[in-house]
Every structure is written in C-alpha cells, then in structure tokens.
Amino acid sequence: MNLETIRHSLSHVLAAAVLEVKPDTNLGIGPAISTGFYYDFKFSGDFSETEFKDIEKRMRKIIQKKLPFEHYELPVDEAIEYYKKLGNEFKVELINDLKNDGITKVGFYKLGEFVDLCKGPHVNNTSEIPTDIFKIDKTAGAYWRGDEKNQMLTRIYALAFESKEELDKYILRREEALKRDHRKLGAELDLFSTSDEVGPGLVSWHPKGARIRYLIENFWKKEHYKNGYELVNTPHIGRSLLWETSGHLGFYADNMYSPMEIDENNYYVKPMNCPFHVMIYKTSKRSYRNLPLRWAELGTVYRYEKSGVLHGLMRVRGFTQDDAHVICAQEQIDDEIAEVLRFSLKMWKDFGFKEIKAYVATRPENSPGDDAKWNTAIEALKKAVTKEGIAWEMDEGGGAFYGPKIDLKVKDALDREWQMTTIQFDFNLPERFDMTYTDNEGKEKRPFMVHRALLGSLERFFGVLIEHYAGAFPVWLAPVQLRLLSVTDRCNEFITNLESKLKENDIRFESDIRNESVGKKIREGRLQRIPYLVVIGDAEVQNNTLMVRNRDTQEQKPISIDDFINIVKKEEETRSLTLSV
RNA sequence: GCCAACGUAGCUCAACUGGUAGAGCAAUGCAUUCGUAAUGCAUAGGUUAGGGGUUCAAGUCCCCUCGUUGGCUCCA
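Final position of the first sequence in my numbering is 819; the numbers increase by one with none missing.
Written as structure tokens, this is what we have:
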C-alpha cells in the first residue's frame, strides 16, 4: 500500500477521533507530509497536548472497526450548503475557489460517521492500516491557507511510517540528531553564547569559537585573493541619504534597526553591505578595461528579524556575511557566474560538505526591469549549474524583485534545509546609483552587478559546521588540536619543554597537569572532541616519546615528538578529514 | 509578529494536591602522585527569569513583561 495514501487516510482518522472528543471543532485541511501527516483544526475552546493519548487511543479504535472509506460526489452548491449548515467557513472557502475554477462536482469521503471534503485517494478500508505505525507528535499554530492575515488554526502533527520499526527508527534518529544540535554543542564545547542582557539574536563568540572563526576567516581571505578577488572594508553605519538612494528605506525599512541621530543626521546600522561597495565603485570613472571587479568583505550587518524566527546561530539579528560583489559587463556574466559557482562549490568541498543542492530562482511577479536582462541573467545561472553538474531545481518566481539568483542549501542535523550560498543578480542598485562604465566605443554603459554570499553568514555557517562534524572538527579547524595529559607531577618539566616546541610549530594545544586521574583527563578530553590526547608519564619522559590517542580511531600508539608534529602539520595543510596517526 | 509549551545554582535535574529550595557534575580548598571515560573529603554557590496580584503562607495559583523551544508566516 502506498505510504502517502496511508498517511492521508490517517489524517482523516485523526480528524474523526478529534471530533469524537470535541464535536464543535471546525476542520481545516489535513494532508500527508514527508514524515507523516497533519490536520488543521479550529477548536472552540482550548486544546492541550495532554489529550494526545486519548485521541491516539480513539484513532486505534476507529481503525479496528474496519471501516470502509466511502467515496461520493456532490454538486458544488450542495457541498457549499452542507458546510454552511455546519458553520465551517474554511471548507466553504475551498469549495468556492473550486467553483470559481469551473469545477461543478466535488468529492467526499465518508469514514463511519465522519465526512470530509477530499479528492483522495484513500485506503479502501481502515483494516489496511496497521495500528502501530503512527504517533501524534506535536501541536503548532498555523495560519489558515498559510497566510498571516488569516486566522490561526491549531495544527496537530503526527508521525507515520511503513512499519513500527521505521517509526521507531525515525524517532531514534531524531533524538540522535538532537545530540549534535549546534546549540547544545555550542555550550558543551564553550564555543558561543547569547544572553538576555545583550539581546536576542546577538551572538558572542567565546575563545574556542573565535579561534575556529579566525581559522575560517583566514582561509576564506587567502582563497579570495587566490581566486581573483580584492578585499574591501566598509563602515557599520551610513547616513540616511545612502539608504534612500539604495531604496532600502523604502522596501527594507521594516527589517532595519532604528536610526541614531548624529549631528542632525540620521545614521542607520547597515543591514547589507551592497551600497557601500557601490560607493567604492563610484569613486572613479570606470572603463570596460577595469571589469570585472570582484570585491569581497566579511561585513557585519544587523537586521531586525521577527522574534519568532530566531534560532541558535542559524537565524540571528547580527551576523557577518561573507559578502562579495562582482561588477562586470554583460558579455562577461556567463563566465563570472560560472566562476562564482565553481568557487563556492570548491569552498564547500574544502570545508568537508558534499550534499549541496542548488535552486535557480526566477522572476517574481511585479518586478521592474526589462525582460531581456532578466532572461540573459537566468540563462547564465542555468548554464552555470548545468556546467557544474550539481543537483538543482527551478524555483519559479522565487527570485528577488531586483534579480534572479542561485541559492545553495545544506541540511542540518535535523534534516532542516538552510540557505547558505546565494548568488544573485542585482538590477536595482546599478540603476539607483547610476553606476556606469565606458565601453570600447567610448559609450556609457550600465554594468551588471552580482551579489554573492558564499558561506552565507559566518554565524549560520558555524552552526551548520558544528552539526556537520558533531563538534569533532578536523585538525585544521579544531580550536585545540591536542591536549597534553600528565600522569604525575614528575612529568611537568618534560611537558613545559614540549609546550615550547609545540608553540614554535604553531600547534594549538592545551595542557592538563591537574592533580586528577588519567582516566578523568581522558574522559574530559574526549568530551571536548580534541583530535589528539597525549598522555605523558614516566615512560614517555624516559624514552622521549609521546603516547598519542586518536579521537576518531580511538587507537593509541607511541610516536616520536618530531614525527607527531609533522603529522599534525600535514593534516593541517591538506585539510584531511581522517586522522593519519 | 502569531499559536503553544517552557524558564529552579555555571550545567543536568528534584521539591506530593500551595507549607519557607535539594542532589550530581562543574568551581574552590585539603589530602592523594595515580597509565586511558569520573580518587576521596570539605567549602562555597539561589530575591526559583523580572514585576505585580490572590493567600496566614507562592518555585507551585492568576496577570503583565522578558527570554528560550517547537511550529506558522517571513527571510533581497
């Protein structure tokens, strides 16, 4: 039996069970989803999750009655009358929409006493549904028809899979994923924090987190210089004039922090870096000989995000974009887009990510600009994803009003997809700021501008990175590459000497010479996911060797100091993911 | 922003239907000098997120605010 059909049928069973308990509930819709199904309800009173057990029990009883799903049709007007009598405005609205589309008859399914508007399909009989493959999961508020102007219904989510084993497996996997949640690991590994006092969505990077960020930024900067970019730096605030010209005060004001008044001028904290880069462009008269220009900046921006959307490091109010703008002539856009995409994918690979999906977003409705420009740009984007041969799909109408884009998305530990890289054309700013260059015939032309954030933001990237590695960072990114563990005080002098040698070699280490057992030191070193734990006791001092324990293989073996340093250096250079000791 | 749940020591959690907050880990001190996931003893740590209310009495009940979480909407 088709799983989606079972899930959808279960949503009817859920609704039937809910109506048993709360007969004056109005029904919204109840589709199957990738992990089960949900149903939206408009309760007349309160609904509490403590009722889950009772409802689940009733669902099983309904299934055990071996009821058939009986299908029948009604003319639309009769159907509307039926729901008007029931006082269900939602179904009336749905049927009215169908009517307006020219549909004359609508389908119903009857399950025992329970009747629901539905096009199906369903199982023939509830006896086809095992009673142990589903579990009511959680409630959530959901706007009717997904529109925040509409009223909010109560959505009941449930899990449902082919078998009980599959269900249990999913629940287990979700619990496991929670263990590598970046918020949990961020606290355990002392990487970052937020606090009430500082404010929601504002992240403080602790020494170990900041060390990783430093490593990321250094790598990022070097790679940018290597790949034809120049780095720029711009201020955190700008006068209102800038944001009026850019248009942000018109179409983005809701997302900007309130201005501060300085010398009778309003200054805004920047929500984007673009206008500043444009201003740099405009400091000179530009020629086609200068193009393309590729300017990158780790630019910290602040955006007022709605309180309900904040989420760990993934969605914050202050963040650093790894931003860049490519300004080029039309004949250069194919090459430039292809190159930006290639560079992006290379960087993701360098950081150890393989599963990345691209979405090519095209022109939304009511966007200004001429068709030819849009189409040229969209073609360039499509060519680029095809050339790189990565998984991608179209996101029709999903572009910004000012230009089409490619987004690259990566999944987190809980299978949620996060938009990271964005490569977008901007037809708006070049117009607004009247950006020009002189072509080879001496004519003034408008350049193309491509905005690109490669990792997205350092905060979100860090969140995904933590979950990707479950906190066990590869040697080149580990804030602490090795920890020296003493067995007795007699080894302290040896350790002090060793420390100088490690320092000389720029190796990131810590020493644990506390008066604690070796077992305890190992335990703590493991919990901190340090790649190498180096135990030093009398034997090591005597032989002038190290006993090195590998985090990933959990093996340990003796090795000379110089050999070990060389291995760490090599792993760092090659950014290798498997430790070679 | 909306719907819902939650907020007790740095962390993880306890405190029966209202009766004056307790444990483990962490921290600090002392003893111990130890070989691969927790050595022992002791000390300190809290205006129970903040504010207001009900009550003889509030961590517990009610209201407001703040924050967190799960969703919804949004996310150039």
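Even glycine gets a Cβ: it sits at the ideal position worked out from N, Cα and C.
Assignment of beta-bridge partners to Y395 by DSSP yields Y276, K376. For S582, the enclosing alpha helix (DSSP H) begins and ends at 571-588. In the three-state scheme derived from DSSP, where H, G and I count as helix and E and B as strand, H246 is classed as helix.
Exclusion of the five residues before and after R532 leaves G466, Y467, E468, A562, V564 as the residues of its chain whose Cβ lies within less than 7 angstroms of its Cβ. Here DSSP, grouped into helix, strand and coil, assigns T614 to helix. Exclusion of the five residues before and after E455 leaves L536 as the residues of its chain whose Cβ lies within less than 7 angstroms of its Cβ. Selection S695, T263, E577, S249 evaluated against V441 yields S695 as nearest (Cα-Cα). The alpha carbon of I409 has as its nearest neighbour, out of T273, G439, K544, the alpha carbon of T273. Residue burial is scored here from C-beta neighbours: M510 has at least 16 other C-beta atoms within 10 angstroms and is therefore classed as buried.
Counting every other CB atom within 10 Å of its CB across the protein chains shown gives F281 a total below 16, marking it as exposed. I394 is positioned such that its CB atom lies closer than 8 angstroms to that of L252.
According to DSSP, residue pairing for M785 in a beta bridge involves V773, P796. Looking at the backbone, the Cα of K299 and that of D385 are separated by about 35 angstroms. The residue among I751, G637, Y770, D492 with its C-alpha nearest the C-alpha of S605 is G637. Less than 8 angstroms divides the Cβ of Q662 from the Cβ of G641.
Within the model, the alpha-carbon separation for N735 versus E754 is close to 21 angstroms. Under the three-state reduction of DSSP output, L531 falls in the strand class.
Runs of alpha helix (DSSP H) with 4 or more residues, each lying fully within the segment 266-331, are found at 290-302, 314-324, listed in chain order.
For the alpha helix (DSSP H) assignment, the uninterrupted runs of no fewer than 4 residues enclosed by the segment 693-764 are, from N- to C-terminal side, 696-707, 730-742. In the three-state DSSP reduction, D650 falls in the coil class, being neither helix nor strand.
The Cβ atoms of R451 and F700 lie closer than 8 angstroms to each other. Annotation: the continuous beta strand (DSSP E) that includes V564 extends over 556-566. Note: Y381 is bridge-paired with M390 in the DSSP secondary-structure output. The Cβ-Cβ distance between E705 and H420 falls below 8 angstroms. Of all C-beta pairs linking the segment 585-594 to the segment 706-723, three or more are shorter than 8 angstroms, placing the two stretches in contact. Buried is the label assigned to P769, since at least 16 other Cβ atoms lie within 10 Å of its Cβ.
The beta carbons of Y347 and H462 sit about 58 angstroms from each other, so the pair does not count as a contact at 8 angstroms. Here T288 is exposed. Its C-beta has fewer than 16 other C-beta atoms within 10 Å.
Between the alpha carbons of V713 and S814 lies a gap of roughly 8 angstroms.
Boundaries of the beta strand (DSSP E) harbouring I500: 498-500, taken from the DSSP string. In the DSSP assignment, A596 is bridged to W630, L646. DSSP places N804 in the helix class (H, G or I) of the three-state scheme. Distance check between C356 and each of T243, G763, W630, S496 places T243 closest, using alpha-carbon atoms only.
For Y347, the beta-bridge partners assigned by DSSP are H309, D354. Counting other Cβ atoms within 10 Å of its Cβ, F372 reaches 16 or more and is therefore classed as buried. Your pair A396 and D370 does not check out as a contact, with CB atoms roughly 13 angstroms apart and the cut at 8 angstroms.
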